[in-house]
Amino acid sequence: MTSADDFQAISSALSTGDLPEAERRCRDALADEPRNVDVLLMLAVSLHWQKRLDEAVAIYARLTGLQPRSALHWSNYATALREQADKTASPAAGLDASAEAYRTALRLEPGNVAALVNYGLLLLQRRDFLGARDALLKAVKLDPATPRTRIHAARACLECHDSGASELLLPWRQWSALDPVLQRELASLLAAQGDGADAMTVLESLLREQPHDVPARLQLAGLLEHTNQLDRAEKMLQDMADAPEVDAAVRNEVAHQRATLAMRRSDPAAARQLLEQAGPRGEGDYAHDFTLASACDKLDDRAATWQALERAHATQIEAMKLAVPYRFVDDAPILPAAVDRVGAEQFADWPELPAPGMRESPVFVVGFPRSGTTLVEQMLDAHPRLQSMDERPFLNILGDSLSARGLRVPLDLQRLNADDCERLRAHYWRLVADRVTLDEGGQLVDKNPLNMLSLPLIKRLFPHAKIILTVRDPRDVILSCYMQHFHSSVLAVAAASIEKLARTYVVAMQHWLHHVEVLQPDVRVVRYESLVADIDAQARVIADFLGLDDATCMAAFDRHARDKGYIATPSYTQVIQPVNRKAVGRWQRYREHMEPALSILAPMLQHWGYPGDPTRHADSKPQL
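All residue numbers in the sequence shown are consecutive under my numbering, ending with 624.
Structural data, given as structure tokens:
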């Protein structure tokens, strides 16, 4: 019979990493007691840790037969099957078997956090993003303090384009002793949600301990480019390219990042050559084709540009079908947030409630994406009395919190009382406080283009807020959107075709114009074409609207933007340059491809006065 001393010796060998010794002692003990489940478990673990997966899987399977009601055995068996799957001729079958074993473990013990996390990771691997999110969020609810659980849940939320990722990562500064894999994942998630400076902090900390961590160096190089540290990024990439031990995947990623740097240095020919030689980084790499399209566009190879864009969107749409399948059902609205509208009679029923004044409210900058919102945001941020934060879905988060209470946004906003609104504002400012520390007397600039769809919520919570709507020739807007790699699922799905983008634009603008007429917010329309034609004059107009004395600093926004560092929008490379008129009328270069959108856009072209000279119209409040 296996003695306590034998168990202690095996446990000691496992804990010190002497796996062959642990295996030897287990086999000696099993010679006398072949059905001793405790020793069998330790043998399976020793083999698993030695990466002898076939042997480990066989023993875990035997344990599930000996103790079929043990969630531990089923969970271990599932994990080993998952790791083994990639090394087999039919990985899908192995993953299916692993998933079934995890489900058995969770039927036996629904609150098994480790099984939930590992099951969620398996579902991520199988690209079942919604299932992964549900499993991992359940694990977080059971175990909210463990960083690993929150990090993996945030990844699943991000893959589902769920705004919950940001709140899951809020405590990251208190986390310590993360292993390198989790540190890299945390940095990736922070960067993906716009926290580039924080992502750099995590990676630089990791590289101080692990200076040769190649994946971390690649991540950091990408962030350096994004923060305009081009020489440092180039040096880091060159060092990796020169290293003899790097594999083909690393060399491919280095080539892609060097192509991005070539574009930043106005050398699209070099970028195109690098991209065409390297090829995509793998199946589904639509980012490759978006970058290639940008290089071809700069070279005025319009045919190659459009071919790359069509490939990019087709590939991205396939990814979206996995991430947000509900957006592809037959009756799915083209723009879900624009389905419901507040009517004049409903608005008349809104109770008068206490609310902050204009100075205590954010300045909201909205407009259809690629219409100049980032340009206006950076102008405002350059003023010492205003502070912006990179795009945040805070109004969406507030809307989700109301939906969780059974309230429809915007149709049930009249049901909110003063306490409800105060709690929502407090929630909003808590979210803001994690992103930016406002100076005393400072005023927040909240720029998020599609907040134009949240005008009723803005009006309910901040009725005295100043709102700036940016407007640009809809044809230029649609072309620019089609050329962008959007992370937003709404925009990515809308960009499936030029026609669908045009319909999305019209729906969004009609929704906005309806609510402007009903709610009468304090809005200033700023035209992109007017901005680039006379930045000084437009800075004065905006300053007057916001009650600011001096507009000089706003016109010099590009210098301020360069000093700011990480800017988490697709136009981060443009807003560090002085304004120019190169993008005005750009759509005409691609007129043959734009033709299907023109009739769809006609009502908005007429409304905003764009059929003629787009620079001749004075800024004004929109009229229906």
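We put the CB at the ideal spot given by N, CA and C, even for glycine. Every value quoted in this text rests on a predicted model; they were computed, and no experiment measured them.
For this session: Would you kindly check if the distance between the Cβ of Met320 and the Cβ of Ser163 is under 8 Å?
Result: no
For this session: Could you have a look at Arg527 and say whether DSSP puts it in helix, strand or coil?
Result: strand
Problem set entry | CB contact flag (Leu182, Arg208, <8 Å) | no
Exercise. Which one or two residues does DSSP pair with Asp96 in a beta bridge?
Worked result: According to DSSP, which records beta bridges pairwise, Asp96 is partnered with nothing at all.
Problem set entry | Closest residue to His515 among Lys459, Val525, Ser75 and His226 (Cα-Cα distance) | Lys459
Exercise. Would you say Met379 and Met554 are within 8 Å of each other, going by their C-beta atoms?
Worked result: yes
Exercise. Using the C-alpha atoms, what's the distance from Asp549 back to Thr373?
Worked result: 22 Å
Problem set entry | Sheet register partners of Asp446 (DSSP bridge) | Phe364 and Met389
Problem set entry | Those runs of the alpha helix (DSSP H) which lie wholly inside the stretch 158-183 and span at least 4 residues | 164-168
Exercise. Do Trp512 and Leu605 have their C-beta atoms closer together than 8 Å?
Worked result: no
Exercise. Should the stretch 381-390 be regarded as contacting the stretch 418-430, the criterion being three or more beta carbon pairs within less than 8 Å?
Worked result: At 8 Å Cβ cutoff, the stretches do not touch.
Problem set entry | Three-way DSSP call (helix, strand, coil) for Lys87 in this model | coil
Problem set entry | Beta-carbon gap between Arg472 and Tyr528 smaller than 8 Å | yes
Exercise. Looking at Ala114 and Tyr102, is the spacing between their C-beta atoms short of 8 Å?
Worked result: no
Exercise. Excluding the five sequence neighbours on either side, which residues of its own chain have a C-beta within less than 8 Å of the C-beta of Leu206, listed in chain order?
Worked result: Pro180, Gln183, Arg184, Ala187, Asp213 and Ala216
Exercise. Of the residues Gly343, Glu360 and Asp536, which one's Cα is nearest the Cα of Glu440?
Worked result: Glu360
Exercise. What whole-angstrom Cβ distance do Val409 and Leu457 have, given they're in contact under 8 Å?
Worked result: 6 Å
Exercise. Just checking my contact of Ala271 with Ala262 at CB under 8 Å: how many whole Å lie between their CB atoms?
Worked result: 4 Å
For this session: Give me whichever residues DSSP pairs with Leu469 in a beta bridge.
Result: Val366 and Val525
Exercise. What is the C-beta distance between Val37 and Gln8, in whole angstroms, given that I count them as a contact (C-beta under 8 Å)?
Worked result: Not really, about 18 Å apart at Cβ, beyond 8 Å.
Exercise. Whole alpha helix (DSSP H) runs in the stretch 416-447 with 4 or more residues, listed along the chain?
Worked result: 418-433
Exercise. With DSSP run on the structure shown, which of helix, strand or coil describes Trp350?
Worked result: Looking at Trp350 - three-state DSSP - the assignment turns out to be coil, as it is neither helix nor strand.
For this session: Mark Gly343 as exposed unless 16 or more other C-beta atoms lie within 10 angstroms of its C-beta, in which case mark it buried.
Result: The C-beta of Gly343 has fewer than 16 other C-beta atoms within 10 Å across all chains shown, which makes the residue exposed.
Exercise. Relative to the alpha-carbon of Pro171, which residue among Arg62, Glu253, Phe462 and Leu190 has its alpha-carbon at the smallest distance?
Worked result: Leu190
For this session: Leaving out five residues on either side along the sequence, give the residues of the same chain with a beta carbon under 7 Å from the beta carbon of Asn112.
Result: Sequence-distant Cβ neighbours of Asn112 in its own chain, meaning closer than 7 Å and more than five residues away, are Ala71, Ser75, Ala105 and Leu106.
Exercise. Using the rule of at least 16 other Cβ atoms within 10 Å of the residue's Cβ for burial, across every protein chain shown, is Asn417 buried or exposed?
Worked result: exposed
For this session: Count the CB pairs spanning the stretch 152-163 and the stretch 118-127 that are closer than 8 Å, and state whether there are at least three.
Result: yes
For this session: Specify, as a first and last residue, the run of the alpha helix (DSSP H) that Val226 falls within.
Result: According to the sequence provided, residue 226 is His. The question's Val does not apply to it. Start and end: Val214 to His226.
Exercise. Beta-carbon of Phe290 versus every beta-carbon of chain C: anything under 8 Å?
Worked result: Annotation note: the requested chain C is absent from the structure, which comprises a single protein chain.
Problem set entry | Phe364, buried or exposed, once every other Cβ within 10 Å from all chains shown has been counted against 16 | buried
Problem set entry | Contact check, Ala287 vs Thr305, beta carbons under 8 Å | no
For this session: Tell me where the alpha helix (DSSP H) around Gln257 begins and ends.
Result: Ala248 to Arg264
Exercise. Residues in its own chain within less than 7 Å of Ala219 by CB, not counting five upstream and five downstream?
Worked result: Sequence inspection shows Gln at residue 219; the Ala mentioned does not correspond to that position. Close CB contacts of Gln219 within its chain, under the 7 Å cut and outside five residues either way in sequence, are with Arg184, Ala187, Ser188 and Leu203 (chain order).
Exercise. Where does Lys87 land, buried or exposed, given buried means 16+ other C-beta within 10 angstroms?
Worked result: exposed
Exercise. When the Cα of Tyr610 is compared with those of Pro474, Gln510 and Pro521, which residue comes out closest?
Worked result: Pro474
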